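Undergrad:
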Amino acid sequence: MDSRFIHSTSFLRCNDKSEHERNNGDEERISKNSFGSPLCMSGGDGDNSYSTNSLLQRRVLSKAKPVLIKNTKELMINLNFPRYIKVADLGCSSGQNTFLAMSEIINTINVLCQEWNQNPPEIDCCLNDLPNNDFNTTFKFIQFFNENNTTSKELYFVSGVPGSFYSRLFPRASLHFVHSSYGLHWLSKVPEGLEENMMSMYIQNSSPLSTYKAYLNQFQRDFTTFLKLRAEEMVSSGCMVLTFIGRSTIDNPLHRDCCHFWTLLSKALCDLVVEGLVSASKVNSFYIPFYDPNEKEVKEMVKKEGSFELKDLETHGYDLGHCNQDETKRSKSGENEANYIRAVSEPLLVAHFGDAIINILFNKFAHHVSQHASCKNKTTVSIVVSLTRKKTFLMS
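In UniProt numbering, the protein residues as written are 1 to 396.
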């Protein structure tokens, strides 16, 4: 994929406590259950890093590409080809994937400007993630993009913006385009009231209905907060393209297929309890800050919050265990999925259980995945939505 970052400058910009927190006290986001510190992808570029194990996310970005290109074009035309564009990638994580969406946006703008005989704008590219994110690994790739685009005269500037996207990150009415891929299924905190969901870190078929309600309520609060804050930060007619893990089921809110990754990881933890490596109480007190909504839930929340018009909504298949292997090899499927889940969950697991069990835990997990490698009844999907900021009118 051609990436065109020219004359880029990288720096970290930390925001003060958000306006949302100052105004509301925001007891939820300073709660003892908050995962702001350990909730980050595994850094570096080693065998267990997110950077090495993020081919799935690359494929997800590829499937969302048509929606991203379409909305970038519409934004430029609706805003009458502005001279300056500010783009934010929220939950950018680390590694080369971080630049794929930005590259598509920049390339689309350049081609469109040529087609319409317009001068291309200067573009401010803001990469956001939690402060513990490995921005250094990401910034190592900036020079690579610059060196491959030395003939271009347009100006693009890259900056890092540490902070939670459940807080204010940017000045009011300053953003034109927001992109987020595989970030919004992560919650600001573990929901309260999960004590009856025994020996499981997430929702599964045997969970009490109260577990689903607790997770749904937390997602509703978080996603509503996200929309409200982005509405403050975006210009009228600004655009967002959001991709997150969801589910295709509507009738049974507890249903998670037998090969669901959190279900299998819970089984692997139970194996360690049986072997005396982890206490049952330790497993019973661990829950994942994650929620996979369906289309209906997303639509209802966008409509209820009211700041954005929903334009596109697509669902795409999800091939977690088979994303980079020969499907005839069951053990390879388990290894691939274990590498992916480890890359996105290891910091959370280490914070709760310590690092001594991690290798054996994911060996167990890989084994459970291999037992379900032929499972075809998968309900997990990727949801892609595009939203346009409704026009605001100043009162005289």
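The C-beta atom is built at its ideal place from N, Cα and C for all residues, glycine as well.
Since the structure is predicted, the reported quantities are computational estimates derived from the model, not experimental observations.
Where H316 and D271 are concerned, what is the direct C-alpha to C-alpha distance, given to the nearest angstrom?
TA: 33 Å
Undergrad: Among the residues of its own chain, which have a CB less than 6 Å from the CB of S248, if the five just before and after it don't count?
TA: T379, V381
Undergrad: From the DSSP output, in three-state form, read off S152 for me.
TA: Confidence at S152 is low in this model, with a pLDDT of 48, below 50, so its placement is unreliable and the value that follows should be read with caution. DSSP places S152 outside both helix and strand once states are collapsed to three, so it counts as coil.
Undergrad: Could you tell me which uninterrupted alpha helix (DSSP H) segments, each at least 4 residues in length, are contained entirely in the segment 166-252, listed from first to last along the chain?
TA: 209-233
Undergrad: Using the Cα positions of Y84 and G238, report the straight-line distance between them to the nearest angstrom.
TA: 13 Å
Undergrad: To the nearest whole angstrom, what separates the beta carbons of I341 and V278, a pair I think is in contact under 8 Å?
TA: The Cβ separation is near 17 Å, so there is no contact.
Undergrad: Where do the ends of the beta strand (DSSP E) carrying E122 lie?
TA: 122-129
Undergrad: Provide the residue(s) that pair with residue 422 in DSSP beta bridges, ordered along the chain.
TA: For the chain, the structure presents residues 1 to 396; residue 422 sits outside this window and is missing.
Undergrad: Could you tell me whether the Cβ atoms of F177 and T72 are closer together than 8 Å?
TA: yes
Undergrad: Cα separation between P293 and N117?
TA: Computed Cα separation, rounded: 42 Å.
Undergrad: When the Cα atoms are used, what is the spatial distance from L175 to N336?
TA: 37 Å
Undergrad: Among P82, G91, F141, which residue has its Cα nearest to the Cα of N119?
TA: Out of P82, G91, F141, the CA that lies nearest to the CA of N119 is found in P82.
Undergrad: Kindly indicate which residue of T211, Y287, T263 has the alpha-carbon position closest to the one of P253.
TA: T211
Undergrad: Give the straight-line distance between the Cα atoms of T98 and H372, rounded to the nearest whole angstrom.
TA: CA-to-CA, the gap between T98 and H372 works out to about 31 Å.
Undergrad: So V278 is in the alpha helix (DSSP H); what residue range does that whole segment cover?
TA: It is not in any alpha helix (DSSP H) - V278 carries neither H nor E in the DSSP assignment.
Undergrad: Identify, in the order they occur along the chain, each residue of the same chain with its Cβ nearer than 6 Å to the Cβ of C259, setting aside the five sequence neighbours on each side.
TA: The answer, listed in chain order, is H372, C375.
Undergrad: Is it the case that the Cβ atoms of C126 and A173 are separated by a distance below 8 Å?
TA: no
Undergrad: According to DSSP, is T388 helix, strand or coil?
TA: strand
Undergrad: Have a look at L68 and L310 and give me their C-alpha separation to the nearest angstrom.
TA: 14 Å
Undergrad: For the alpha helix (DSSP H) that K86 lies in, which residues bound it at each end?
TA: Careful: K86 lies outside any alpha helix (DSSP H), inside the beta strand (DSSP E) at 84-90.
Undergrad: Can you tell me where the alpha helix (DSSP H) with F286 in it begins and where it stops?
TA: Looking at the DSSP string, F286 is not in any alpha helix (DSSP H), and its letter there is neither H nor E.
Undergrad: Helix, strand or coil, according to DSSP, for L310 in the structure here?
TA: Correct three-state label for L310: strand.
Undergrad: Does the pairing of the segment 199-211 with the segment 221-240 give three or more beta-carbon distances under 8 Å?
TA: The segment 199-211, when compared against the segment 221-240, does not touch it at the 8 Å Cβ threshold.
Undergrad: Check whether the Cβ atoms of R389 and V235 lie closer than 8 Å to each other.
TA: It is a contact, given that the beta carbons lie within the stated cut-off.
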